[in-house]
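A.B. asks: Sequential numbering from 2 applies to the sequence shown in the numbering used here. Note that the Cβ used here is the ideal one computed from N, Cα and C, for glycine as well.
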Amino acid sequence: MFEANSDYLKLPGSYLFSTIAKKVAAYSKEHPDAKLVRLGIGDVTQPLPPAVIKALHKAVDEQADPATFRGYAPDLGYEFLRHAIAENSYRALGCDIADDEVFVSDGAKSDSGNIQEIFEKNNIIAVTDPVYPVYVDSNVMAGRTGTYDEKTTRWSDVVYMPCTEENGFCPDFPEKTPDVIYICSPNNPTGMALTKDQLQAWVDYANRNGAVIIFDSAYEAYISEDHIPHSIFECEGSRTCAIEIRSFSKNAGFTGLRLGATIIPKDLKDHNGQALYPLWARRHGTKYNGAPYIVQRAGEACYTNEGKQEIREMVGRYMKNAGFIKDSLAGMGYTVYGGVNSPYIWLKTPNNLTSWEFFDLLLNKANVVGTPGSGFGPSGEHFFRLTSFGTYEASVEAMERIRRL
Ligand code: MLT
């Protein structure tokens, strides 16, 4: 735990989205007139909700007055925001989460990368394949993943759980019992979501085996079906086996503003009986000085009636794109997944092209940028991810260009 090492030097190339950005920048340099449609990285395009803007202005103005000026934020988050999150995102769903079990941060990406620090160095991690690359890469940097096999693009000490068409993109329990299990639902990149029963089965598995699930619910705002849980804490027994990571990026458009939260129940212990709550509090207090006050006020505004309504409308607009992209591709004969409880559309590449071949084809012939499925892991090969975070016009334009291929 907390050990420095140089395993990150063994990471292949750069971070997936940096690699794509470099390729796209090189193409744009060579073809300055190309009008690219970018449906690659899951970055939002709609402006912040008016309730958030109002809260930001108010909080900024407070900083001009010595009576309301704020210095360092409390490292675990302001009580007003911890309360708003616990009340609206958890207790409203019937989840037993206290205000002080919410740790406010500068975003779900940092938390998903940093959370591994509270687990022992020799812990075995299990990840879905394909997987959001941060989970694996951050464990590689911590020296927990063994050696890298370039042929299989897998790490020797990681338990991979393939998510394929055959298992409906829902991972099967692994043969080797892991200590830490990363689950993202609705999933990035496949766009598929675990049902309540499926997630309950994972909670039961973790409790039986003394494992801890790190549940990434960054995309929960996109859930449209009743049988899909918004939080792992909706499952019975989850307080003794789960940590949840929340984001304000994909629902409220905070990708540039930065705000997230991690929920750790006080009764949660690792398999050695070590309580994880005080470890994360210690880590937060040591390495982090709290999300900015003005940003936390903006987060609080997401939970006002006005904010909730504006967020629903924003998510609705992205989901209109998702439905359009999904239907258009299906109409062209593509096999398509996701896009129902998720802003991501996961399609099979045509003519058995590799994911990167299809990436190049789309970039060069259609000037459309997407994300190659194999970049998320070997089971993502021959798949491709498109996001619905563009504008409706961009989604229409992208589909027109793909149709003409
Ligand atoms: C993605 O495109 O997978 C996400 O935007 C990456 C992230 O949220 O960090």
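Write down every uninterrupted run of the alpha helix (DSSP H) in the segment 75-139 whose length is 4 residues or greater and which is fully enclosed by it, in chain order.
C.D. replies: Whole alpha helix (DSSP H) segments, 4+ residues: 80-86 and 109-115.
A.B. asks: Looking only at its chain, what residues have a beta carbon closer than 7 Å to the beta carbon of F390, apart from the 5 residues adjacent to it on each side?
C.D. replies: Walking along the sequence shown from the start, residue 390 turns up at place 389. Excluding positions up to five away in sequence, the list reads G43, D44, V45, T46, Y319 and P344.
A.B. asks: Looking at P179 and V160, is the spacing between their C-beta atoms short of 8 Å?
C.D. replies: In the sequence shown, counting from the first residue as 1, residue 160 sits at position 159. In the sequence shown, counting from the first residue as 1, residue 179 sits at position 178. The Cβ-Cβ distance between V160 and P179 falls below 8 Å.
A.B. asks: Determine contact between the segment 320-335 and the segment 388-405, defined as no fewer than three beta-carbon pairs at a distance below 8 Å.
C.D. replies: Between the segment 320-335 and the segment 388-405, the count of Cβ pairs shorter than 8 Å is three or higher; the stretches touch.
A.B. asks: What beta strand (DSSP E) runs, 3 residues minimum, are completely inside the segment 170-226?
C.D. replies: Counting only runs that start and end inside the segment 170-226, the beta strand (DSSP E) elements of at least 3 residues fall at 181-185 and 213-217.
A.B. asks: Is A74 near Q297, with beta carbons less than 8 Å apart?
C.D. replies: Looking up residue 74 in the sequence shown gives position 73. Looking up residue 297 in the sequence shown gives position 296. Result yes, Cβ atoms of A74 and Q297 sit closer than 8 Å.
A.B. asks: Taking 7 Å as the cut-off, does the CB of D44 come closer than this to any heavy atom belonging to ligand 1?
C.D. replies: The residue labelled residue 44 in the question sits at position 43 within the sequence shown. Yes, ligand 1 has a heavy atom inside 7 Å of this Cβ.
A.B. asks: With DSSP as the reference, label P51 as helix, strand or coil.
C.D. replies: Translated into the one-based positions of the sequence shown, residue 51 becomes position 50. Three-state result, P51: helix.
A.B. asks: State the start and end residues of the unbroken beta strand (DSSP E) segment that holds I403.
C.D. replies: Taking the first residue of the sequence shown as 1, we reach residue 403 at position 402. No beta strand (DSSP E) holds I403; the alpha helix (DSSP H) holding it covers Y393 to R404.
A.B. asks: Return the first residue and the last residue of the alpha helix (DSSP H) that P279 is part of.
C.D. replies: By one-based count along the sequence shown, residue 279 stands at place 278. Its alpha helix (DSSP H) spans residues Y278 to K288.
A.B. asks: At which residues does the alpha helix (DSSP H) containing T20 begin and terminate?
C.D. replies: Against the sequence shown, residue 20 aligns to sequence position 19. It spans L17 to E31 - the alpha helix (DSSP H) in which T20 sits, taken as one unbroken run.
A.B. asks: Does W156 come out as helix, strand or coil in the three-state DSSP assignment?
C.D. replies: Counted from its first residue, the sequence shown places residue 156 at position 155. It is a strand residue.
A.B. asks: Is the distance from the Cβ of G376 to the Cβ of L77 below 8 Å?
C.D. replies: Working through the sequence shown from its first residue, we reach residue 376 at position 375. Working through the sequence shown from its first residue, we reach residue 77 at position 76. Result no, Cβ atoms of G376 and L77 do not sit closer than 8 Å.
A.B. asks: Give the straight-line distance between the Cα atoms of R39 and N189, rounded to the nearest whole angstrom.
C.D. replies: Working through the sequence shown from its first residue, we reach residue 39 at position 38. Working through the sequence shown from its first residue, we reach residue 189 at position 188. Going by the C-alpha atoms only, they are around 17 Å apart.
A.B. asks: Nearest CA to the CA of F174: which residue from T153, A207 and G144?
C.D. replies: As a working mapping, residue 174 is identified with position 173 in the sequence shown. Per the Cα distances, A207.
A.B. asks: Of all the options G238, A367 and T129, which has the alpha carbon lying nearest to the alpha carbon of Y183?
C.D. replies: As a working note, residue 183 is residue 182 in the sequence shown. Of G238, A367 and T129, the residue nearest in Cα terms is T129.
A.B. asks: Give me the residue from Y393, K366 and S250 with the minimum Cα distance to Y28.
C.D. replies: Here residue 28 is taken as the residue at index 27 of the sequence shown, counted from 1. Residue K366 is the option with its Cα nearest to Y28.
A.B. asks: Could you check how far apart the C-beta atoms of E245 and S225 are, in whole angstroms? I think they sit under 8 Å.
C.D. replies: Position 244 of the sequence shown holds residue 245. Position 224 of the sequence shown holds residue 225. No, E245 and S225 are not in contact; Cβ-Cβ is about 20 Å, not under 8 Å.
A.B. asks: Counting pairs of Cβ atoms below 8 Å between the segment 346-365 and the segment 294-308, do you hit three or more?
C.D. replies: no
A.B. asks: Taking 7 Å as the cut-off, does the CB of K110 come closer than this to any heavy atom belonging to ligand 1?
C.D. replies: Translated into the one-based positions of the sequence shown, residue 110 becomes position 109. Within the chosen limit of 7 Å, ligand 1 reaches the beta carbon of K110 through at least one heavy atom.
A.B. asks: Specify the secondary structure class of M333 as computed by DSSP and reduced to three states.
C.D. replies: In the sequence shown, residue 333 corresponds to position 332, counting from 1. In this structure, M333 counts as coil in the three-state DSSP scheme.
A.B. asks: Given that a residue counts as buried once 16 or more other Cβ atoms are within 10 Å of its Cβ, and exposed if not, what is S139?
C.D. replies: To locate residue 139, count along the sequence shown from 1; it is residue 138. That one is buried.
A.B. asks: Can you find at least 3 beta carbon pairs, one from the segment 277-290 and one from the segment 102-112, that sit closer than 8 Å?
C.D. replies: yes
A.B. asks: Would P51 pass as a contact of A253 if the rule is Cβ separation under 8 Å?
C.D. replies: As a first step, residue 51 must be located in the sequence shown, where it is residue number 50. As a first step, residue 253 must be located in the sequence shown, where it is residue number 252. Contact flag unset, no.
A.B. asks: Let me know if A68 comes out buried or exposed under the rule of 16 or more other beta-carbons within 10 Å of its beta-carbon.
C.D. replies: Indexing the sequence shown from 1 puts residue 68 at position 67. Exposed.
A.B. asks: Considering just the uninterrupted stretch of the alpha helix (DSSP H) at S250, what are its terminal residues?
C.D. replies: As a working mapping, residue 250 is identified with position 249 in the sequence shown. Residues S250 to A253.
A.B. asks: Per DSSP, P373 is paired with what?
C.D. replies: On the sequence shown, position 372 is the one that residue 373 refers to. Partner(s): F385.
A.B. asks: G72 by DSSP, collapsed to three states: which one?
C.D. replies: Taking the sequence shown and counting its residues from 1, one reaches residue 72 at position 71. Three-state result, G72: coil.
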